[in-house]
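J.:
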Amino acid sequence: MNFLRNISTNLRTNAVKSMRTYSTQPRISLANLINSGSKPNSQDPLTGTRALTPEEIWAQAHQQRMRTLAQEQPLSLYAGRTVVVGKYDKNSATSQVERAWKRLNGTLARNEVRRDLMLRDRYERPHQMRRRLKSERHRRRFAEYIRQKVSLVHSIRRRNEMLKK
Numbered sequence: 015m016n017f018l019r020n021i022s023t024n025l026r027t028n029a030v031k032s033m034r035t036y037s038t039q040p041r042i043s044l045a046n047l048i049n050s051g052s053k054p055n056s057q058d059p060l061t062g063t064r065a066l067t068p069e070e071i072w073a074q075a076h077q078q079r080m081r082t083l084a085q086e087q088p089l090s091l092y093a094g095r096t097v098v099v100g101k102y103d104k105n106s107a108t109s110q111v112e113r114a115w116k117r118l119n120g121t122l123a124r125n126e127v128r129r130d131l132m133l134r135d136r137y138e139r140p141h142q143m144r145r146r147l148k149s150e151r152h153r154r155r156f157a158e159y160i161r162q163k164v165s166l167v168h169s170i171r172r173r174n175e176m177l178k179k
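Under the numbering used here, think of the first position of the sequence shown as 15, with each following residue one higher.
Right, dumping it as structure tokens:
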């Protein structure tokens with residue numbers, strides 16, 4: 015609360031100082047600064063769409079979360095270890111069992127379960143484990159760095175395409 019009080023007093027003193035020197039400037043208030051970023055009729059120059067108010071952003075996020083919660087299965091003893099298999103459909107090109115098998119394999123691959131099992135199959139010397147973990151950490155960091163650079167290039171290209179239109 016003291017933080018907001020300090021901001022509002024600083025804004026007030028700055029506004030008073032600016033009113034003394036420039037009489038044509040409007041008075042700055044905390045409410046104006048807070049509401050300036052969420053004007054409902056302001057247009058985004060890049061996309062040309064209307065900017066959302068904070069209330070609309072919260073409402074959209076809430077609706078999206080409620081939709082995902084409605085689709086999720088209720089938690090049980092086996093919640094994280096089950097793959098739901100639907101009913102048999104003779105008109106379907108792939109059976110529900112095949113889809114569930116692919117989903118299970120995808121989950122196992124994402125969590126690197128097979129890789130961990132193979133690593134634990136044999137004893138790994140401590141210095142070799144340290145070297146392997148150091149190498150994996152370096153590869154993860156390098157991949158993240160490259161992903162950031164690629165996304166930066168994509169955003170610059172998109173920005174240039176929007177400016178050309």
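For each residue, glycine too, the CB sits at the ideal point set by N, CA and C. Treat the numbers as computed from the prediction; the structure is a model and nothing was measured.
Does the count of Cβ pairs from the stretch 110-118 and the stretch 94-101 closer than 8 Å reach three?
T.: They touch, by the three-pair rule.
J.: With H, G and I counted as helix, E and B as strand and the rest as coil, what does DSSP make of residue 128?
T.: Helix at residue 128.
J.: Please list, in chain order, all residues of the same chain as residue 83 whose beta carbon is under 7 Å from its beta carbon, the five residues on each side excluded.
T.: If we look at residue 83 and ignore the five residues flanking it on each side, it has no Cβ neighbours.
J.: Measure the alpha-carbon distance for residue 133 versus residue 126 and round it to whole angstroms.
T.: Distance between the alpha carbons of residue 133 and residue 126: 11 Å.
J.: Using 8 Å for Cβ pairs, my map puts residue 101 next to residue 110. What's the rounded Cβ distance?
T.: Between residue 110 and residue 101 the Cβ distance is about 7 Å, and since that is below 8 Å, they are a contact.
J.: Rounded to a whole number of angstroms, what is the C-alpha to C-alpha distance between residue 112 and residue 106?
T.: About 11 Å.
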